[in-house]
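S.K.: Residue numbers (my numbering): 3 to 74.
Even glycine gets a Cβ: it sits at the ideal position worked out from N, Cα and C.
Nothing here was measured: the structure is a model prediction, and the numbers come from that model.
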Amino acid sequence: MVNIGQSIKDELERQERTVSWLARKLNCTRATVYRIFAKNSIDTALLTNISQILHHNFFQELSADYIEEQQG
3 MVNIGQSIKD ELERQERTVS WLARKLNCTR ATVYRIFAKN SIDTALLTNI
53 SQILHHNFFQ ELSADYIEEQ QG
């Protein structure tokens, strides 16, 4: 199962962006971003916002994982 918080953290690192940068974009604190990284699940509105900010479709990752689990 995809750990969405870890996926967000990995994508942020891949883009060489900082936690502070993402916090500014989300209009929240760095502590909140670290809490997002620790989550196994996330609100869809927040995930949509993060997907737009990072230009990465996290929903596609979740969907692909779901399909793989159904076939496995």
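1) How many Å lie between N5 and I38 at the Cα?
2) So for E18, helix, strand or coil by DSSP?
3) So, K11 versus I55, is the Cβ gap smaller than 8 angstroms?
4) Using 8 angstroms as the threshold, is the C-beta distance between V35 and L48 below it?
5) Beta-carbon separation of G7 and A33 under 8 angstroms?
M.R.: The relevant details are as follows:
1) The sequence position of residue 5 within the sequence shown is 3, counting from 1. The sequence position of residue 38 within the sequence shown is 36, counting from 1. Going from the Cα of N5 to the Cα of I38 covers about 11 angstroms.
2) Here the question's residue 18 lines up with position 16 in the sequence shown. Residue state, collapsed to three classes: coil.
3) To locate residue 11, count along the sequence shown from 1; it is residue 9. To locate residue 55, count along the sequence shown from 1; it is residue 53. No, the Cβ-Cβ distance between K11 and I55 is not below 8 angstroms.
4) Sequence index remark: in the sequence shown, residue 35 carries index 33 (1-based). Sequence index remark: in the sequence shown, residue 48 carries index 46 (1-based). No.
5) Indexing the sequence shown from 1 puts residue 7 at position 5. Indexing the sequence shown from 1 puts residue 33 at position 31. Their beta carbons are not under 8 angstroms apart, which means G7 does not touch A33 by this criterion.
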